[in-house]
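Numbering (the working numbering), first residue to last: 68 to 172.
For reference, the structure is listed below as structure tokens.
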Amino acid sequence: MNDLEYDELADSTLLAVEQAIEDADADLDYESHGGLLSISFADKSKIIINKQPPLHQLWVATKFNGHHFEWHGDKWIDNRSGAEFWQLLNDAAAKQAGKPLNLAP
Numbered sequence: 068m069n070d071l072e073y074d075e076l077a078d079s080t081l082l083a084v085e086q087a088i089e090d091a092d093a094d095l096d097y098e099s100h101g102g103l104l105s106i107s108f109a110d111k112s113k114i115i116i117n118k119q120p121p122l123h124q125l126w127v128a129t130k131f132n133g134h135h136f137e138w139h140g141d142k143w144i145d146n147r148s149g150a151e152f153w154q155l156l157n158d159a160a161a162k163q164a165g166k167p168l169n170l171a172p
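What follows is the structure, given as structure tokens:
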């Protein structure tokens, strides 16, 4: 993947997360700027998603741990656990929100 392809994929993913938050029936807020998306929960915890252009990765920091996602085929996959981006985001957001969430692209 070249830098332009990475930027397009990463930006479209961040926009999809923003849309999923807006569509969710949950008390979530977000701020986005410069390749960084911060999701805030009612308990004041956050999930931070940010682009890592030199590595062609998306990094996700949750209340519990951090993850580095790389594009494999047609998905962002955590390079340590093998978790898929959207599944991990839903699991982490549900834990931090204290209720099930369905964030989907």
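Every residue, glycine too, gets a C-beta built ideally from N, C-alpha and C.
Original post:
Which same chain residues, not among the five before or five after A161, have their C-beta less than 8 Å away from its C-beta?
Top reply: Translated into the one-based positions of the sequence shown, residue 161 becomes position 94. If we look at A161 and ignore the five residues flanking it on each side, its Cβ neighbours are P167 and L168.
**OP:** Could you tell me if L155 is buried or exposed, where buried requires 16 or more neighbouring beta carbons within 10 angstroms of its beta carbon?
**Re:** Position 88 of the sequence shown, counting from 1, holds the residue named residue 155. A residue is called buried once 16 or more other Cβ atoms fall within 10 Å of its Cβ, and L155 is buried on that count.
Subject >> Within 8 Å, strictly: CB atoms of K113 and G102 >> reply: The residue given as residue 113 occupies position 46 in the sequence shown. The residue given as residue 102 occupies position 35 in the sequence shown. Not closer than 8 Å, so no.
**OP:** Taking only the alpha-carbon atoms, compute the straight-line gap between L71 and W143 and give it to the nearest angstrom.
**Re:** As a working mapping, residue 71 is identified with position 4 in the sequence shown. As a working mapping, residue 143 is identified with position 76 in the sequence shown. Rounded to whole angstroms, the separation of the alpha carbons of W143 and L71 is 16 Å.
Original post:
Tell me which same chain residues have a C-beta within less than 8 Å of the C-beta of N146, skipping the five on either side of it?
Top reply: What you label residue 146 is simply residue 79 of the sequence shown in a count that begins at 1. Excluding sequence neighbours, N146 sits near Q124, H135, F136 and E137.
Original post:
Can you check whether the CB of D94 is closer than 8 Å to the CB of A109?
Top reply: In the sequence shown, residue 109 corresponds to position 42, counting from 1. In the sequence shown, residue 94 corresponds to position 27, counting from 1. Contact flag set, yes.
Subject >> CB of A164 within 8 Å of CB of F131, strictly >> reply: As a working note, residue 164 is residue 97 in the sequence shown. As a working note, residue 131 is residue 64 in the sequence shown. Their beta carbons are not under 8 Å apart, which means A164 does not touch F131 by this criterion.
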